[in-house]
Every structure is written in C-alpha cells, then in structure tokens.
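Enquirer:
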Amino acid sequence: MSTTKTRINISLSDDITDALAKLARRDGMPQATKAARLLETALEIEEDQVWDKIAKRRDTKNARYLSHKTVWK
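Going by the numbering used here, the final residue of the sequence shown carries number 230, and the count climbs one at a time with no gaps.
#1: Under a three-way DSSP split, which group does Thr163 fall into?
#2: Under DSSP, the alpha helix (DSSP H) around Trp208 begins and ends at which residues?
#3: Where does Lys179 fall in DSSP's three states?
#4: Hey, Gln188 and Ala181 are a contact pair by Cβ (cut 8 Å); roughly how many whole angstroms apart?
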C-alpha cells in the first residue's frame with residue numbers, strides 16, 4: 158500500500174524519544190502522527206515569528222496608515 162505522505166528519517170535523542178512516546182500514548186495516537194502534529198505546530202509558530210518580525214519593522218512612529226477601501230481598490 159503506497160502513501161501520499163512524504164516520509165523522512167530523523168535521529169532523536171533518548172529524552173526526545175521518551176517524551177514523544179509519552180505524548181503519543183497520552184493522546185492515543187501513533188508516535189509518527191504525534192511527531193507530525195508537533196512539527197506542524199512548530200512550523201506555525203515559526204511562521205508567526207516571521208510575520209511578527211515583518212510587522213514590527215513596518216510599525217514605526219511615522220507609519221502611514223491606509224484605509225481598507227484604499228488598499229483593496
């Protein structure tokens with residue numbers, strides 16, 4: 158049976174392996190599924206940090222604000 162998901166091989170420390178096993182057991186799911194969900198969450202956090210950095214760069218004292226109507230013309 159083939160899968161549409163991409164498989165990756167990673168090496169984990171014993172501490173991370175134990176934590177992953179405990180979290181997967183707690184949530185009643187396979188370790189691979191828990192690892193994938195944790196990676197998704199981490200990527201969302203990374204994306205948020207990038208957007209925050211961009212927003213902070215644009216948020217200056219003399220920033221020019223545009224109305225919604227003007228922006229979407």
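Every residue, glycine too, gets a C-beta built ideally from N, C-alpha and C. Because the structure is a prediction, the values reported are computed rather than measured.
Expert: Inspection of the coordinates gives the following:
#1: Per DSSP, reduced to three states, the secondary structure at Thr163 is coil, with no helix or strand assignment.
#2: Judged by DSSP secondary structure, Trp208 falls within the alpha helix (DSSP H) whose first and last residues are Gln188 to Arg215.
#3: Helix at Lys179.
#4: The Cβ separation is near 4 Å, so the contact holds.
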